[in-house]
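*Asks:* The numbers in numbering that gives the first Met the number 0 rise by one with no breaks, and the one at position 332 of the sequence shown is 331.
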Amino acid sequence: MELMALGTNHTTAPADIRDALFMDSEEVAQFLRRLRTPAESTSELVVLSTCNRTELYAATTNAAATERELRATVTELKGVDCLENGDYSFCHSGKSAALHLLRVASGLESLMVGEPQILGQVKDALTVAEDNKAPGALLTRLFNTAVHTGKRARSETVIGRGAVSVAYAAVVMARKVFADLSKHKVLVLGAGETGKLAAKHFHDEKPAKLTVMNRTFKRAARLAEDLDGDARPFEELSEALVEADVVVSATASPEPVITTEHMESAVKARGRRSVVLVDIASPRDIDPAVSRLANVFLYDMDALESVVKQNRAARVKEIPKVERIVDDELNRFCEWVHTLEVVPVVRALRRTFLEIGERETLKQAKRFHRTDREALKKYTQALINKLLHHPTLRIKELDRSTTVGFGKLAAMRDLFGLEPESGDDDAGNGCDGDTD
């Protein structure tokens, strides 16, 4: 079998194309079922679909046929030929396909380097595929390796640390004043894309209360419902400012929505309680003059962008470290694939049994007379040969180019903990291919 990675992402296609190809979990399940017929060449399949990528990972006995099947099926199910026409897609095979997934899981291929969501999305992709009995030994091992690689990247480097979006930088700034946001109330003004992202980040902090306000109340209500928060009419802004400890403003208003008069009244009603105002709108939503008021901490886009810029630079410096982790895990995966040839498995199985037999013979030898020890040794070897005769024949009959054959060889290695002998590293198709 050969590995293949076919798809589109933010490096090959604009947002409208990526949106057209996006598959939710139900569509992914439908897609997987469509490709799981014995007559077709695709032996294993996993689909990774997010807002920035739709990538199809396959194990195949006929790469050209599988590529045609995958492209045509996407067109059939999505009603667009964005993948079939080839203008917005990539296709990797063998080792290059494995390398691509490991880089994706590590955050190296993300629009924002090191973003954390992709690792969970890789896990979910495998889970959905397993629920539909789509992956076999090869893709299961590859995706588990990718998850492990992503975890190493985040634990052994700082590739995933620090705010690299303005919306998350708002959380960072709020924490400078309130270390524990779970004790404080958060108000988000605006339910557009930036407001949504900011609200989601603050929701993750589990604030005492999350309130959303928007000129169109229905949009605020939808967002608040998704995040277990509350929605309030925009006309109640003055009252909301009195209650909130953190205010994040991301509206599209041409004029400031929070004026000095608003905050003077709110500060008077709040007493000595501090309030954090984060303005992530352009043009500004908050009058800069409010920063002169007592117990008011105002952060604008300049302050947020400064944090983001520093963190992005720090993440970029970590890329070489992550790439070394990726190379290490890729080599381990390829070594595993290479050991799943029939002859190395037979050798490893026989060597393991003989080593066990030799150890047990030595343990029991002292119970036998010196003249009987050689007979004991020969008896043990003969018994092992008898025990291994039938399994050896069955292993030699396995067809490694099929999912069943490959899976049984993988199971045999895992079941008996077989380690390859030096020289048993003949290359297997799963990791053939360039790494360009």
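For every residue, glycine included, the Cβ atom is placed at its ideal position computed from N, Cα and C.
In this text, all values refer to a predicted model and were calculated from it rather than measured experimentally.
Across the region 120-140 and the region 77-94, are there enough close Cβ pairs to call them in contact, namely three or more that are closer than 8 Å?
*Replies:* No, the region 120-140 does not touch the region 77-94.
*Asks:* Please state whether DSSP places residue 252 in a helix, a strand or coil.
*Replies:* In this structure, residue 252 counts as coil in the three-state DSSP scheme.
*Asks:* Quick one: give me the first and last residue of the alpha helix (DSSP H) that residue 231 is part of.
*Replies:* Run containing residue 231: none in the alpha helix (DSSP H); it sits in the beta strand (DSSP E), 229-232.
*Asks:* Taking the continuous alpha helix (DSSP H) assigned at residue 333, which residues delimit it?
*Replies:* Residue 333 -> alpha helix (DSSP H) spans 300-337.
*Asks:* Check whether the region 44-54 and the region 15-27 touch, using three or more Cβ-Cβ pairs below 8 Å as the test.
*Replies:* Flag = yes, the region 44-54 and the region 15-27 touch.
*Asks:* Residue 217: buried (16+ other C-beta within 10 angstroms of its C-beta) or exposed?
*Replies:* Answer is exposed; the Cβ neighbour count stays below 16.
*Asks:* Leaving aside the five residues before and after residue 220 along the sequence, list all residues of the same chain whose C-beta is less than 6 Å from its C-beta, in chain order.
*Replies:* Here the set comprises 230.
*Asks:* Apart from the five residues just before and just after residue 237, which ones in its own chain have a Cβ nearer than 8 Å to its Cβ?
*Replies:* Closer than 8 Å at Cβ, skipping near neighbours: 261, 264 and 265.
*Asks:* How is residue 105 classed by DSSP in three states: helix, strand or coil?
*Replies:* Here residue 105 sits in coil by DSSP.
*Asks:* On the DSSP bridge list, what partners appear for residue 61?
*Replies:* Its beta-bridge partners do not exist; DSSP assigns none.
*Asks:* My guess is that residue 137 and residue 44 are in contact by the Cβ rule of under 8 Å, so how many angstroms apart are they, rounded?
*Replies:* Not a contact, Cβ separation roughly 11 Å.
*Asks:* If I follow the unbroken beta strand (DSSP E) through residue 6, where does it start and stop?
*Replies:* That run of the beta strand (DSSP E) goes 1-8.
*Asks:* My understanding is that residue 275 touches residue 187, with C-beta atoms under 8 Å, so please give their C-beta distance in whole angstroms.
*Replies:* Wrong, their Cβ atoms sit about 13 Å apart, outside the cutoff.
*Asks:* By DSSP, does residue 242 sit in helix, in strand, or in coil?
*Replies:* Correct three-state label for residue 242: helix.
*Asks:* Can you check whether the CB of residue 8 is closer than 9 Å to the CB of residue 160?
*Replies:* No. Outside cutoff.
*Asks:* For residue 257, which three-state DSSP category applies?
*Replies:* Strand.
*Asks:* To the nearest angstrom, how far is the alpha carbon of residue 374 from that of residue 412?
*Replies:* Straight-line Cα distance between these residues: approximately 31 Å.
*Asks:* Which residues does DSSP pair with residue 43 in a beta bridge?
*Replies:* DSSP output for residue 43 lists 58 as bridge partner(s).
*Asks:* Which partner residues does residue 158 have in the DSSP bridge list?
*Replies:* Per DSSP, none; premise fails for residue 158.
*Asks:* Taking only runs that begin and end inside the region 358-398, name each unbroken beta strand (DSSP E) of 3 or more residues, in chain order.
*Replies:* The qualifying runs do not exist here; there are none.
*Asks:* In the region 74-137, which residue ranges form an unbroken alpha helix (DSSP H) of at least 4 residues, counting only runs that do not cross its ends?
*Replies:* Here the runs fully enclosed are 94-104 and 116-130.
*Asks:* Between the alpha carbons of residue 33 and residue 389, how many angstroms are there, rounded?
*Replies:* Using only the alpha carbons, I get a separation of about 38 Å.
*Asks:* Could you check where the alpha helix (DSSP H) with residue 22 kicks off and where it finishes?
*Replies:* No alpha helix (DSSP H) holds residue 22; DSSP gives it neither H nor E.
*Asks:* Is the beta carbon of residue 209 less than 9 Å from the beta carbon of residue 226?
*Replies:* Yes, the Cβ-Cβ distance between residue 209 and residue 226 is below 9 Å.
*Asks:* Buried or exposed: which applies to residue 368, given that a residue is buried once 16 or more other Cβ atoms fall within 10 Å of its Cβ?
*Replies:* Exposed, because fewer than 16 other Cβ atoms sit within 10 Å of the Cβ of residue 368.
*Asks:* Please report the straight-line C-alpha distance between residue 207 and residue 321, rounded to a whole angstrom.
*Replies:* Roughly 37 Å between the two C-alpha positions.
*Asks:* DSSP puts residue 212 in a beta bridge; with which residues?
*Replies:* 188 and 231.
*Asks:* Quick check on residue 11: does DSSP put it in helix, strand or coil?
*Replies:* Of the three classes helix, strand and coil, the one that applies to residue 11 here is coil, per DSSP.
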